[in-house]
Each structure stands twice: as C-alpha cells, then as structure tokens.
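What follows is a set of notes on a single structure, which appears directly below.
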Amino acid sequence: MKNKIFQINWPIILFIFQIFLSANPLWNSSAKPDTPNAQRPCLPNFDGRLCEKCAPGFKNISAGCLDCDCNPIGSTSGDCNFTTGQCHCKSSFGDIKCDKCANGYYKSKETNDCIYCDCDPFGAEGEVCDESNGQCYCKLGFTGRGCDKYKTKN
C-alpha cells in the first residue's frame, strides 16, 4: 500500500496563523483603540473581532476579501456567502452571481429581468423554456409560446 503524500498550502496556513497573532496584520494599525481590549478597526473589506472574516459584500478571506460582484438586478442584496461567494438570488435568478435565469424562467431582452415561462402543464414537455425567447417545448399536437393551443390538421 502506497503512502499518500499530501501537500501543505503554506501561504494559507501562514495567513490564518497571522490572523490570530497579537500583531494582527488585518487590523488598521494607524487607528488606536480607546482601551487595550477594545475592538481594533480592521483593514477595508475585513470584519470580526479579530478581523478574521470578510465584511458583508466580500468573499474569500485567503485572497484578501474580494468583492462579491453580485448582479444588482438578480440579487436581493450585494452580500454573498463569505466562504463560497454565492450571492443571495431572487427566486427567478440563479448561478453564483445571480446573473442567469433560474429553471422555468427566461431573460427579457428589454429589461434584463427573468420572466416566468408559464408553460401549459398539459401541452408542454416541462416547465423549462428556451432561455432566449421564452418558447416552451411543446408535446406533439400542441403549439403556441406556452404550448397551450392545439395544432389543427391542415
């Protein structure tokens, strides 16, 4: 049986270790707290008593707390999960930045908003439609954008 060799990510380990040192590099050293045990001001984009996490609206502490970059149309706020970077999406939007329509919705060319497909449950193959124009996928014998009309024989 082979021994598994693992690699230690030293930059991340050193970064985390520095957070908990008394001379925390994430504190704003130019701002002095009023008392020795007072909360020290953190550098921009950092938060927490020991500046150990990203501030709201920022993610990925190991990279220096980057902007969440959430889509303002599709997200409920500019905040995201500080670990994964997943933005908080409106129900009609999806993806990590809330910049794509969720299943069952398509993107309006006029407003950039996501609109419900409104596919007929009897005439459509499912609730998903073409994401560019909202055309539902019709079963044989049905037609119309929502597959809600019967095809007539010619």
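Residue numbers for the sequence shown, in mature numbering (1 follows the signal peptide of the UniProt record, and there is no 0): -31 to -1, 1 to 123.
Even glycine gets a Cβ: it sits at the ideal position worked out from N, Cα and C.
Predicted model, so just to flag it, every value in this text is computed and none were measured.
In chain order, what residues of the same chain have a beta carbon less than 7 Å from the beta carbon of residue i, not counting five sequence neighbours either side?
i	result
K120	G110, F111, T112
Y74	S61, C83, I84, Y85, C86
I65	G54, Q55, C56
G47	G26, C37, C39
Starting from residue i, trace the beta strand (DSSP E) in both directions and tell me its first and last residue.
i	result
residue 127	The requested residue 127 is not part of the displayed model; the chain covers only -31 to 123.
E100	Element bounds for E100: n/a, residue is neither H nor E.
C83	83 to 85
C58	56 to 58
Which of the three DSSP states is assigned to residue i in this structure?
i	result
A24	coil
S44	strand
A32	helix
A71	coil
G95	strand
C39	coil
G63	strand
C116	coil
K76	strand
Using a Cβ-Cβ cut-off of 8 Å (strictly less than) and excluding sequence neighbours within five positions of residue i, which residues of its own chain qualify?
i	result
A32	none
C107	G92, A93, E94, G113, C116
A71	C58, S60, S61, F62, G63, C83
Between residue i and the rest of its own chain, which residues show a CB-CB distance below 6 Å, the 5 nearest in sequence each way excluded?
i	result
D16	K22, A24
N14	A24, F27, C34
Using the Cβ count rule (16 or more neighbours within 10 Å means buried), how would you classify residue i?
i	result
D68	buried
K28	buried
Below 8 Å on the Cβ atoms is my guess for residue i versus residue j; work out the distance and round it to an integer in Å.
i	j	result
E100	K76	6 Å
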